[in-house]
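Student: Below is one structure. I have some questions about it.
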Amino acid sequence: MRSAGYEMEKATYVKVLGRFYKRKMIKDVVDLYEFAVGGVNKPSVQDCTFLLRKIVVSRDLDMNLFSRVVRIFTDGGNVLTNSMLDAVLKSLASVSRFGECNKILKVMEEGGFVANSISQSKIAFHLSSSGENDEVGKFMDNMEASGCNPHFKTWACLIEGHCVAGDLDKASDCFRKMVEREGGSCAGYTFELLVNAFCFKNRAIDACKLLSDMVTEKQLKPWHTTYKTLINKLLVQGGFNEALNLLSLMKNHGFPPYLDPFIEYISKSGTGDDAINFLKAMTVKRFPSTSVFLRMFEAFFKARRHNEAQDFLSKCPGYIRNHADVLNLFYTMKPGESAAITAVAA
156 MRSAGYEMEK
166 ATYVKVLGRF
176 YKRKMIKDVV
186 DLYEFAVGGV
196 NKPSVQDCTF
206 LLRKIVVSRD
216 LDMNLFSRVV
226 RIFTDGGNVL
236 TNSMLDAVLK
246 SLASVSRFGE
256 CNKILKVMEE
266 GGFVANSISQ
276 SKIAFHLSSS
286 GENDEVGKFM
296 DNMEASGCNP
306 HFKTWACLIE
316 GHCVAGDLDK
326 ASDCFRKMVE
336 REGGSCAGYT
346 FELLVNAFCF
356 KNRAIDACKL
366 LSDMVTEKQL
376 KPWHTTYKTL
386 INKLLVQGGF
396 NEALNLLSLM
406 KNHGFPPYLD
416 PFIEYISKSG
426 TGDDAINFLK
436 AMTVKRFPST
446 SVFLRMFEAF
456 FKARRHNEAQ
466 DFLSKCPGYI
476 RNHADVLNLF
486 YTMKPGESAA
496 ITAVAA
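If you use this note's numbering, the sequence shown corresponds to residues 156 to 501, in order.
The structure is reproduced here in structure tokens:
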């Protein structure tokens, strides 16, 4: 009929197409689409996208049909876009087939498509958060093999996905690879995500070890908020000594000492030795200013741990034990306790 000069009207195409879709005759839809593309009244880009989505949600995923539609579309002078990929991926996810995305992506790349960093990031997150470790490995390998090195945002989404899936060891391995290839200058956000995930799983001590290793080996500079979060969680999860070690790293990175959680922790459950070790760790000098000692004494008193305050005082340097403000603070205690404090200070 076409050779005789007849063309299929748009209304006819839409009507027949609807009937084919209703009866799930996808191969016939593809045949009709191919016929229409060769005519005057060509289907829209949206028609192609809708057809691709229907193919991937069919009972059996027919990659030959998918590849055929892509070829018809591109041979007609059209260009595959990221919005088309996004629509297809959403359909894949709706039928729990996202693990097939590498096949989809390969076919589209053969049609000249190049995924942008946003699409790459979405794929990396969805695969890793779903526990599709084999597929996410193929995805990353394919990107590198094609000369398209993953953007740091793609790495971040990949690592975040592993954290969501609860696979923190895999997330740590990916983070090390990211820093190895991209450097540590853009790793602060991703590392904070990773640390938060470790802390949520009560693995703050493991997070601290990872931080120390990355700072020492790769010159990573964690954010100030990362240090603070990790210190808080370490003190809750039994990592007092590890938290102390972070203070020196914070100093090296130019961050001010983080005092409040240490003072609160020691005053409620620490010892005089803990207080001394904390004060030594927070400064490059032997000891910090007198005001910090006073804060520590006051915290012990507020927690009604007078014996620990006395023990702490006995371990302080002489200039603290005999400081007027320190003596005045102790003399505000009950008269029965003042005599004992005087003896310690002497």
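Even glycine gets a Cβ: it sits at the ideal position worked out from N, Cα and C.
A quick note: this is a predicted structure, and the numbers were derived from the prediction, not measured.
(1) Taking the straight line between their C-alpha atoms, what separation do you get for N297 and N304?
(2) From L366 to K406, what does the alpha carbon distance come to, in whole angstroms?
(3) For S285, which three-state DSSP category applies?
(4) So what's Q201 in DSSP terms, helix, strand or just coil?
(5) For the alpha helix (DSSP H) that contains Q465, what are its first and last residues?
(6) Short of 6 angstroms in beta carbon distance, which residues of its chain neighbour H317, apart from the five on each side in sequence? Order them along the chain.
(7) Are the beta-carbon atoms belonging to A242 and R214 less than 9 angstroms from one another?
(8) State yes or no: is the C-beta of P412 within less than 9 angstroms of the C-beta of L402?
(9) Please report the Cβ distance between V370 and A362, rounded to the nearest whole angstrom; I am assuming they are in contact, meaning their Cβ atoms lie under 8 angstroms.
(10) By a C-beta neighbour count over all protein chains shown, 10 Å radius and 16 as the cutoff for buried, is Q374 buried or exposed?
(11) Would you kindly check if the distance between the Cβ of G286 and the Cβ of A248 is under 9 angstroms?
(12) Quick one: is Q201 buried, meaning 16 or more other Cβ sit within 10 Å of its Cβ, or exposed?
(13) Provide the residue span of the alpha helix (DSSP H) that contains Y413, from first to last.
(14) Pop quiz: Y420 and L390 are said to be a contact at Cβ under 8 angstroms. What is the actual Cβ separation, rounded to whole angstroms?
(15) Taking the alpha carbon of K423 as the point to measure from, which residue in G394, N400, A454, A436 has its own alpha carbon closest?
(16) Nearest by alpha-carbon distance to K179: which of G194, L206, G193 is it?
(17) Report back the beta-carbon spacing between G267 and L235 to the nearest angstrom; my notes put them in contact at under 8 angstroms.
(18) Taking buried to mean at least 16 other C-beta atoms within 10 Å of its own C-beta, is A166 buried or exposed?
Tutor: Once the coordinates are examined:
(1) Within the sequence shown, the letter at position 142 stands for residue 297. Within the sequence shown, the letter at position 149 stands for residue 304. Cα-Cα distance, rounded: 10 angstroms.
(2) Here the question's residue 366 lines up with position 211 in the sequence shown. Here the question's residue 406 lines up with position 251 in the sequence shown. Taking the straight line from one Cα to the other gives about 15 angstroms.
(3) Residue mapping note: residue 285 aligns to position 130 of the sequence shown, counting from 1. Three-state result, S285: coil.
(4) Position 46 of the sequence shown, counted from the first residue, corresponds to residue 201. Note: Q201 maps to helix in three-state DSSP.
(5) On the sequence shown, position 310 is the one that residue 465 refers to. Note, Q465: alpha helix (DSSP H), 461 to 470.
(6) By 1-based counting over the sequence shown, the position of residue 317 is 162. S283, K325, A326, listed in sequence order.
(7) For this step, residue 242 is matched to residue 87 along the sequence shown. For this step, residue 214 is matched to residue 59 along the sequence shown. Taking 9 angstroms as the Cβ cut-off, A242 and R214 do not qualify as a contacting pair.
(8) Stepping through the sequence shown from its first residue, residue 412 is reached at position 257. Stepping through the sequence shown from its first residue, residue 402 is reached at position 247. Taking 9 angstroms as the Cβ cut-off, P412 and L402 qualify as a contacting pair.
(9) Within the sequence shown, the letter at position 215 stands for residue 370. Within the sequence shown, the letter at position 207 stands for residue 362. Not confirmed; about 12 angstroms, so no contact.
(10) Numbered from 1 along the sequence shown, position 219 holds the residue referred to as residue 374. Here Q374 is exposed, its C-beta having fewer than 16 other C-beta atoms within 10 Å.
(11) Counting from 1 along the sequence shown, the entry for residue 248 is found at position 93. Counting from 1 along the sequence shown, the entry for residue 286 is found at position 131. No.
(12) Here the question's residue 201 lines up with position 46 in the sequence shown. Flag for Q201 reads exposed.
(13) Taking the first residue of the sequence shown as position 1, residue 413 is located at position 258. Careful: Y413 lies outside any alpha helix (DSSP H) and carries neither H nor E.
(14) Translated into positions along the sequence shown, residue 420 becomes position 265. Translated into positions along the sequence shown, residue 390 becomes position 235. Right, the Cβ-Cβ distance comes to about 5 angstroms (below 8 angstroms), so this counts as a contact.
(15) In the sequence shown, counting from the first residue as 1, residue 423 sits at position 268. Comparing Cα positions, the closest option is A454.
(16) Counting from 1 along the sequence shown, the entry for residue 179 is found at position 24. Nearest option by C-alpha distance: L206.
(17) Walking along the sequence shown from the start, residue 267 turns up at place 112. Walking along the sequence shown from the start, residue 235 turns up at place 80. Between L235 and G267 the Cβ distance is about 7 angstroms, and since that is below 8 angstroms, they are a contact.
(18) Counted from its first residue, the sequence shown places residue 166 at position 11. Its Cβ having fewer than 16 others within 10 Å, A166 is exposed.
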